[in-house]
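Colleague: For what it's worth, our numbering labels the leading residue of the sequence shown as 586, then goes sequentially.
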Amino acid sequence: MERDSSSDDDDDEALVLQNEAKPPSPHNLRHHRASFEISGNLTTRIGSALRSRRWHCYLVVTCICFVLILLLFSLYHSHLFRGISFTSANAPEDRMREAELRALYLLRDQQLGLANLWNSTFSRSNVSLPAISSHTTSNVTSGPSKDDLPQNSLPISLEEFRSALIKQIKLNKLIQNALLSVHRDGNASVEAVDDNADADIFGTEVNVCRKVKSPVDGRTVEWVPKKDRFLFAICVSGQMSNHLICLEKHMLIAALLGRVLVFPSHKLDYNYSQVLDINHINECLDREVVISYDNFVGNMKNKLKIDKFLCYIASPPCYLDEEHIKRLKNMGISMGKIEAAWPEDANSKVQKKRFVADVVSKFSSEEEVIAIGDMLYADIEQEWVMQPGGPISHKCKVLIQPSRQILLTAQRFVQTFLGSNFVALHFRRHDFLKFCNVKNESCFYPIPQAAECILRVMERTKSPVVYLSTDAAESETDLLKSLVVLDGKPIPLVKRPTHSTAEKWDALLYRNHLDGEPQVEAMLDKSISAMSAVFVGAPGSTFTEDILRLRRGWGTASRCDEYLCQGELPSYIAEAE
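(1) If you follow the beta strand (DSSP E) that residue 1083 is part of, which residue opens it and which one closes it?
(2) Per DSSP, residue 896 forms a beta bridge with which residues?
(3) For residue 1127, count the other beta carbons within 10 Å of its own beta carbon; 16 or more makes it buried, fewer makes it exposed. Which is it?
(4) According to DSSP, is residue 825 part of a helix, a strand, or is it coil?
(5) Please state whether DSSP places residue 763 in a helix, a strand or coil.
(6) Using the DSSP secondary-structure output, state which residues sit across from residue 1052 in a beta bridge.
(7) Tell me, please, which residues DSSP counts as bridged to residue 949.
(8) Check whether the Cβ atoms of residue 989 and residue 1110 lie closer than 7 Å to each other.
(9) Please name the residue in 1054, 851, 1149 and 927 whose C-alpha comes closest to that of residue 899.
(10) Look at the alpha carbon of residue 847 and the alpha carbon of residue 957, and state the distance between them as a whole number of angstroms.
(11) Sorted by chain position, which residues of the same chain lie with C-beta nearer than 7 Å to residue 912's C-beta, five sequence neighbours on each side aside?
(12) Quick one: what does DSSP say residue 1142 is sitting in, helix, strand or coil?
(13) Short of 8 Å in beta carbon distance, which residues of its chain neighbour residue 688, apart from the five on each side in sequence? Order them along the chain.
(14) Starting from residue 1029, trace the alpha helix (DSSP H) in both directions and tell me its first and last residue.
(15) Between which two residues does the beta strand (DSSP E) carrying residue 883 extend?
(16) Among all the DSSP beta bridges, which residues are the ones paired with residue 816?
(17) Per the contact definition of three or more C-beta pairs closer than 8 Å, is the segment 1029-1037 in contact with the segment 1071-1088?
(18) Determine, using beta-carbon pairs with one atom in the segment 1000-1008 and one in the segment 881-893, whether at least three such pairs fall under 8 Å.
(19) Report the partner residues of residue 795 according to the DSSP bridge assignment.
(20) Secondary structure at residue 939, three-state DSSP: helix, strand or coil?
(21) Check this for me: beta carbons of residue 995 and residue 1112, under 7 Å apart or not?
(22) Terminal residues of the continuous beta strand (DSSP E) containing residue 1121?
(23) Give me whichever residues DSSP pairs with residue 890 in a beta bridge.
(24) I'd like to confirm the pairing. Which residues does DSSP put opposite residue 966 in its beta bridges?
(25) DSSP on residue 1190, reduced to helix/strand/coil?
(26) Compute the distance between the beta-carbons of residue 910 and residue 817, then report whether it is under 7 Å.
(27) Could you say which of 867, 868, 984 and 977 lies nearest to residue 802 if we only look at CA atoms?
(28) Could you work out which residue in 685, 905 and 1119 is closest to residue 1047 when comparing CA atoms only?
(29) Please say whether residue 1058 and residue 1012 have beta carbons closer to each other than 7 Å?
(30) Below 6 Å CB to CB, which residues in the same chain sit around residue 837 once its five sequence neighbours on both sides are set aside?
(31) Can you tell me which residues form a DSSP beta bridge with residue 1109?
(32) How about residue 799 and residue 1033: are their beta carbons less than 7 Å apart?
(33) Starting from the C-beta of residue 1061, find all residues in its chain whose C-beta is less than 7 Å away, skip the five residues before and the five after it, and write them out in chain order.
(34) Using three-state DSSP, classify residue 961 as helix, strand or coil.
(35) Please list, in chain order, all residues of the same chain as residue 1084 whose beta carbon is under 7 Å from its beta carbon, the five residues on each side excluded.
(36) Hey, could you find the ends of the alpha helix (DSSP H) residue 1178 is sitting in?
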């Protein structure tokens, strides 16, 4: 602050009386104010001293002495350091400086992480909260601009938030270790961090990808069939995974109608005895509720017929084509007229949702054998069907599950190659490009984008290895493997190797002549994936959905289970044909 002229004059007069010197001329006074703009008693004293030759000499002598002292001190200090460096490679001062620099670096890293976490907690549409810049600045704006908002329009999920928060807690532990490292005995590494830093904070370890608890009380139906009433299962759409969904819905209908379910013949459908444990279903209910086609033929004493063929799906009727109808007749099965249960559905593009009361009232009958056609696209009590363990009351975890040989082989593979902590990835390619691109939101991701999504999962799970279930070509998997690198280390992507006599994990399948069977290998892939700590599936794939069904039933489902690049669109989408 500048003082007024009167006070400056008073100070000048006091200095004249005290030092018995002439007052400075107005010119010198103005020059003094313009050069330094310093006022007060101390300022004027220094100015007068500098104009005095005697004070000038004193000042020169003082400066020379000060320089000599600094020179002597620096020489002594460097000599002292040379002596220390000879005897100790790490002086305490050096270690302290290194620890402080390390802590500052980590604090900067934590600042960036917290800023990114903040910006991920709200969507682009929420402009009431300002986004935080990852760079420090002295400029303060009145509100956020469009560029300030995070580019990802999807809000962060709770699990992602928890994972990021735990990462920051562990980073804080790193900073503490860096600062405390100079006070520890020995050469303890600054990098040594307790992996259970979250346990220090919360008392118990926080598992971000913990298992999903199955609901204690689910809605189920008792399956108590009449021994002489049958529901003939017909599943013809798509691959094995589609057929298993169809069979599960058939089982619900059979339970509601009180009928025994007849598994299809391999002449009409897949050979289910190779991949499924059919007897396991009966054991879980302590009664015979399902029967193989061969046993059904024996019970019917060669009187093979379908007394009532009432289609759940109206168009095309029962979802049957001429080829499958011909196969049924070639098997010696006679049938009456094929009719639709709800003919009005034939004109509807969307399958109407049905409930238990609708099914019971429409399909209840006294005929010995009935058929309702393919049930893959039937919309019946979806939440009930999708619950862990399925809609039927039983004492097991899952009713429809792989055969004993496949389960044991999967366990041996996991023990040999993967261990308990692995991520399973269903990476469907092949026909998926065309399938995904006709949807409103494509689900076929470029390899680099897929790799980024996989890395995000690996950062949360801390798993060392990925099991890769894929139909992709080697050119695609090779590129994927080269891009899945975390902290400078490549993450192994493990595929099932071909049979080798030197390896014994698949000996059980080999002895039973099941090796090389496509459906057996597909079910083996499902079993291994269902045993993983975390599963990443392909959106829109029934293969993925069947794995999720097994995980729900077996209790292996994780809170980190997700679809690949869930919530994202492909970074590039080709034009339609």
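The beta carbon of each residue, even a glycine, is placed where N, CA and C say it ideally should be. Just so we're clear, the structure is a prediction, and the values are computed from it rather than from any experiment.
Modeller: Straight from the coordinates:
(1) Unbroken run through residue 1083: none, as it is neither H nor E.
(2) BP columns for residue 896 point to 925.
(3) Answer is buried; the Cβ neighbour count reaches 16.
(4) In this structure, residue 825 counts as helix in the three-state DSSP scheme.
(5) It is helical.
(6) Residue 1052 pairs with 1009 and 1079.
(7) Secondary-structure assignment with DSSP links residue 949 through no beta bridge to anything.
(8) No, the pair does not count as a contact, with Cβ atoms beyond the cut-off.
(9) Of the candidates 1054, 851, 1149 and 927, the residue whose Cα lies closest to the Cα of residue 899 is 927.
(10) Whole-angstrom Cα-Cα distance: 12 Å.
(11) Excluding residues within five positions, the ones whose Cβ falls inside 7 Å are 852 and 853.
(12) DSSP, reduced to helix, strand and coil, places residue 1142 outside both helices and strands of the structure shown, so it counts as coil.
(13) Same-chain partners within the cutoff: 760, 763 and 764.
(14) Residue 1029 -> no alpha helix (DSSP H), and no H or E assigned at all.
(15) Here residue 883 belongs to no beta strand (DSSP E); instead the alpha helix (DSSP H) covers 878-885.
(16) BP columns for residue 816 point to 846 and 955.
(17) Counting C-beta pairs closer than 8 Å gives fewer than three between the segment 1071-1088 and the segment 1029-1037, which falls short of the contact rule.
(18) Contact fails: fewer than three Cβ-Cβ distances are below 8 Å.
(19) Residue pairing by DSSP places residue 795 opposite no residue, since no beta bridge is assigned to it.
(20) It is a strand residue.
(21) Result yes, Cβ atoms of residue 995 and residue 1112 sit closer than 7 Å.
(22) Taken as a continuous stretch (DSSP letters only), the beta strand (DSSP E) holding residue 1121 covers 1119-1122.
(23) Partner(s): 919.
(24) Its beta-bridge partners do not exist; DSSP assigns none.
(25) Outside the shown range of the chain, which is 586 to 1162, sits residue 1190, and nothing can be said about it.
(26) In this structure, residue 910 lies away from residue 817, with their beta-carbon atoms at least 7 Å apart.
(27) Closest by alpha carbon: 977.
(28) Ranking the options by Cα distance to residue 1047, first place goes to 1119.
(29) No, the Cβ-Cβ distance between residue 1012 and residue 1058 is not below 7 Å.
(30) Counting only Cβ-Cβ distances below 6 Å, and skipping sequence neighbours, we find 976.
(31) According to the DSSP secondary-structure assignment, residue 1109 is paired through a beta bridge with no residue.
(32) Cβ atoms of residue 799 and residue 1033: not closer than 7 Å.
(33) Within the same chain, Cβ atoms closer than 7 Å to the Cβ of residue 1061 are found at 1014 and 1032, the five residues on either side in sequence being excluded.
(34) Reduced to three states, the DSSP call for residue 961 is coil.
(35) Shown here for residue 1084: same chain residues with a beta carbon closer than 7 Å to its own, the five before and five after excluded, namely 1091, 1095 and 1100 in chain order.
(36) In this structure the chain extends from 586 to 1162, so residue 1178 is not present and cannot be described.
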